[in-house]
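Worksheet for the structure shown next.
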Amino acid sequence: RRRRRRRRRRRSLASRTCGGSSSGARSSSTERECLAKCVLGCSSNRKQVRALAGVRAGSRMYLLNIQKREARGPLIALGAAGKNLVRGAFGGRFDLHVQFQKTAKPPVVWVCGADDALPAVGPWTPPQLRADDA
């Protein structure tokens, strides 16, 4: 018999590099922890490691609160993504971290509609900013 492994799809707190980065906070408490510790994080699977490979010091990133379906930012990366950069962050759930500059609570730059898909970890620019640049 084959056993099916049940995969838990975990959205993360990480970043994107194409004009900006997106990071997903599951809840408001995770969002508060991100902002208090100045770190975004996600699980370190290959797909997310590749998505964050382009993050460098100065990259713009956005924090996505999955529960509220809104993105805050931009947050400015202090360096490349790495494993466990901030000890004890997220209770060990998210071990791939990107640190960002300390700032006041960033404004909401995008609210995801009920029919819109939430962005994945990786390169992303908020839709309003795309329209303004054109």
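Oh and the sequence shown: position 124 is 148 in my numbering, straight run, nothing missing. In this text, a Cβ means the ideal position worked out from N, Cα and C, and glycines have one as well. Model, not experiment: these values are computed from the prediction.
*Please go through the same chain and pick out, in chain order, the residues whose beta-carbon is closer than 6 Å to the beta-carbon of GLN91, but skip the five residues on each side of it.*
By one-based count along the sequence shown, residue 91 stands at place 67. Excluding positions up to five away in sequence, the list reads SER51.
*Look at the alpha carbon of LYS107 and the alpha carbon of LYS71, and state the distance between them as a whole number of angstroms.*
Position 83 of the sequence shown, counting from 1, holds the residue named residue 107. Position 47 of the sequence shown, counting from 1, holds the residue named residue 71. Rounded to the nearest angstrom, the two C-alpha atoms are 15 Å apart.
*Buried or exposed: GLN125, going by 16 or more other Cβ atoms within 10 Å of its Cβ?*
In the sequence shown, counting from the first residue as 1, residue 125 sits at position 101. Classification for GLN125: exposed.
*By a C-beta neighbour count over all protein chains shown, 10 Å radius and 16 as the cutoff for buried, is ASN89 buried or exposed?*
Locating residue 89 in the sequence shown gives position 65, where the first residue counts as 1. It is buried - the Cβ of ASN89 has at least 16 other Cβ atoms within 10 Å.
_By the three-class DSSP mapping on this structure, what secondary structure does CYS58 have?_
The residue given as residue 58 occupies position 34 in the sequence shown. CYS58: helix per DSSP, three-state reduction.
*asked:* Could you compute how far the alpha carbon of GLN123 sits from the alpha carbon of GLY115?
replied: Counting from 1 along the sequence shown, the entry for residue 123 is found at position 99. Counting from 1 along the sequence shown, the entry for residue 115 is found at position 91. If I take the Cα positions, the gap works out to 16 Å.
*Backbone CA spacing between VAL135 and CYS62 [nearest angstrom]*: As a working note, residue 135 is residue 111 in the sequence shown. As a working note, residue 62 is residue 38 in the sequence shown. For VAL135 and CYS62, the distance between alpha carbons rounds to 22 Å.
*State the DSSP-derived secondary structure class of GLY113, mapped to helix, strand or coil.*
Translated into the one-based positions of the sequence shown, residue 113 becomes position 89. Strictly speaking, residue 113 in this sequence is Ala, with Gly absent from that position. Of the three classes helix, strand and coil, the one that applies to ALA113 here is helix, per DSSP.
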